[in-house]
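Enquirer: Numbers 66 to 330, taken from our numbering, label the letters of the sequence shown in order. Every residue gets a Cβ at the ideal spot worked out from N, C-alpha and C, and that includes glycine.
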Amino acid sequence: MGLARMGATVVMVCRDRTRGEEAQQEIKHHSGNEAVDLLLADLSSQQTIRLLAQEFQQRYAQLHVLVNNVGSIVPHRHVSVDGIEMTFALNHLASFLLTNLLLDTLKASTPARIVNVASNAQARSLNLDDLQSEKKYRPMQAYSQAKLATVLFTYALVQRLAGIGVTANCLHPGAVATNNIDRGVPPAARPLTGIIKRFLITPEQGAQTSLYLATSPEVEGVTGKYFVQCKEKLSVPISYDMSLQEQVWEVSAELSGLSVAVRVE
66 MGLARMGATV VMVCRDRTRG EEAQQEIKHH SGNEAVDLLL ADLSSQQTIR
116 LLAQEFQQRY AQLHVLVNNV GSIVPHRHVS VDGIEMTFAL NHLASFLLTN
166 LLLDTLKAST PARIVNVASN AQARSLNLDD LQSEKKYRPM QAYSQAKLAT
216 VLFTYALVQR LAGIGVTANC LHPGAVATNN IDRGVPPAAR PLTGIIKRFL
266 ITPEQGAQTS LYLATSPEVE GVTGKYFVQC KEKLSVPISY DMSLQEQVWE
316 VSAELSGLSV AVRVE
C-alpha cells in the first residue's frame, strides 16, 4: 500500500488467489494506483520460485526494489515439497533463491535495492550441523536460526554486489499484530493471543522500516546494514563473522539447487 501510494508499479506475490486478489483490489482502491500486479506462488516450493522468477522476467525488464518478506513460525516440524524443514525453507531459503534468480534483473535496473525482513529474534548462534532441526525441533529456535541465516545471507550478498549499484539491507519490523500470530495456536489459547495483539504494533507501523529502506533517499547507497525503527542498529555479534556468512551462503546454494551461486569477485 505504501509503495503504491508513492506511485510505484507494485508486483505482489501471494500464495492464495482469492486473498491475493482481495488485497490487490484494496490497494488499487485506497492508493488510486492501478499499477498493482499479482503473481501467485507458494514460496516453500523451489520449483514454484523458479517459475515465479521466470514469469516476473517475462513481464518486466526492470526491478528497482525487491522486498523479501515471506515468513512463518511452524508449530510442528514438517518438510517442504523439496524435503527442506519448512521454517528454514520459508524464512530463509525462499528469499535466498528468489534473490539469486532475480539478480541479473536487479543489476540491469541500477540503482536497485534489496530489502530482507529479518527479526530481532535472530539466534545468537547457529548450528550448521542441524540447520533443519532434525535432531530436535523447537518452533522458536528454528525460526530464530532461519532469521539469523537471513542476516548472514544479506551481509554475504553485499560482498558480491560491491560497486555495481545494488544495495542490500535487512531489518526488524517490530512485533506486529498480523493474522500469523494465531497460526498453529490451539483454539483454547486463542483468547490469549487476542490480548497479546493489543500490545503489538499495527501492520502499517510494522511496514515503515521496509518502506524506508525501499524508498528513502537517506539510505541511497547504504548497504550491508541492519535497521530497527528506521535507524541503523547492530545485529547479533555472530552475524558479522565473515567465515560463517560464507558457510551459510554455500549451504543455502546447495540446498536450493543453484548450479551457479554468485561468488565474491
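If we call anything under 8 Å between Cβ atoms a contact, is V135 one with S110?
Expert: No, these two residues do not count as a Cβ contact at 8 Å.
Enquirer: Just to confirm before moving on: does the CB-CB distance between V130 and A177 stay below 8 Å?
Expert: Cβ atoms of V130 and A177: closer than 8 Å.
Enquirer: Let me know the secondary structure DSSP gives L236 once reduced to three states.
Expert: If DSSP states are grouped into helix, strand and coil, L236 belongs with the strands.
Enquirer: What separation, rounded to the nearest whole angstrom, lies between the Cα atoms of H141 and I149?
Expert: The straight-line gap from Cα to Cα measures roughly 14 Å.
Enquirer: Quick check on DSSP: helix, strand or coil for V287?
Expert: The answer is coil: DSSP assigns V287 none of H, G, I, E or B.
Enquirer: State buried or exposed for V146, treating a residue as buried only when at least 16 other CB atoms are found within 10 Å of its CB.
Expert: The residue in question, V146, is exposed, as its Cβ has fewer than 16 Cβ neighbours within 10 Å.
Enquirer: Go through its chain and collect everything with a Cβ distance to E311's Cβ below 7 Å, but skip five positions before and after it.
Expert: If we look at E311 and ignore the five residues flanking it on each side, its Cβ neighbours are A221.
Enquirer: To which residues does DSSP link K182 through a beta bridge?
Expert: It should be pointed out that residue 182 corresponds to Val in this sequence rather than to Lys. Per DSSP, L236.
Enquirer: Please state the DSSP three-state secondary structure of N331.
Expert: Given that the chain is displayed from residue 66 to residue 330, the structure contains no residue 331 and the question cannot be resolved.
Enquirer: Of all the options P238, K290 and F292, which has the alpha carbon lying nearest to the alpha carbon of T267?
Expert: Among P238, K290 and F292, the Cα nearest to that of T267 is on P238.
Enquirer: Go ahead and label S143 buried or exposed: buried means 16 or more other beta carbons lie within 10 angstroms of its beta carbon, across all protein chains shown.
Expert: At residue 143 the sequence reads His, which differs from the Ser that was named. Answer is exposed; the Cβ neighbour count stays below 16.
Enquirer: What are the boundary residues of the beta strand (DSSP E) that includes K201?
Expert: Run containing K201: none; DSSP gives neither H nor E here.
Enquirer: Name the DSSP bridge partner or partners of G133?
Expert: One point to set straight first is that residue 133 is Asn, not Gly, in the sequence displayed. N181, per the DSSP bridge assignment.
Enquirer: Let me know if H157 comes out buried or exposed under the rule of 16 or more other beta-carbons within 10 Å of its beta-carbon.
Expert: Buried, because 16 or more other Cβ atoms sit within 10 Å of the Cβ of H157.
Enquirer: Measuring straight from C-alpha to C-alpha, what distance separates A307 and G97?
Expert: Position check: residue 307 holds Met in this sequence, whereas Ala was assumed. Their Cα atoms are separated by approximately 45 Å.
Enquirer: Which residue or residues does DSSP assign as beta-bridge partners of L105?
Expert: DSSP output for L105 lists C79 as bridge partner(s).
Enquirer: Report buried or exposed for Y125, applying the criterion of at least 16 other Cβ atoms within 10 angstroms of its Cβ.
Expert: Y125 comes out exposed.
Enquirer: Give the range of the beta strand (DSSP E) segment to which E269 is assigned.
Expert: First-last for E269: P268 to G271, but that is the alpha helix (DSSP H), not the beta strand (DSSP E).
Enquirer: Under 8 Å, do D281 and L236 count as touching if we go by C-beta distance?
Expert: For the record, residue 281 in the displayed sequence is Ser; it is not Asp. No, these two residues do not count as a Cβ contact at 8 Å.
Enquirer: Check R139 in the structure and name its three-state DSSP category.
Expert: Position check: residue 139 holds Val in this sequence, whereas Arg was assumed. Looking at V139 - three-state DSSP - the assignment turns out to be coil, as it is neither helix nor strand.
Enquirer: Starting from the Cα of S190, find the closest Cα among T175, V180 and A207 and give me that residue.
Expert: Of the candidates T175, V180 and A207, the one whose C-alpha sits nearest the C-alpha of S190 is A207.
Enquirer: Can you tell me whether V223 is helix, strand or coil according to DSSP?
Expert: Helix, per DSSP.
Enquirer: Provide the residue span of the beta strand (DSSP E) that contains E297, from first to last.
Expert: First-last of the beta strand (DSSP E) with E297: K296 to K298.
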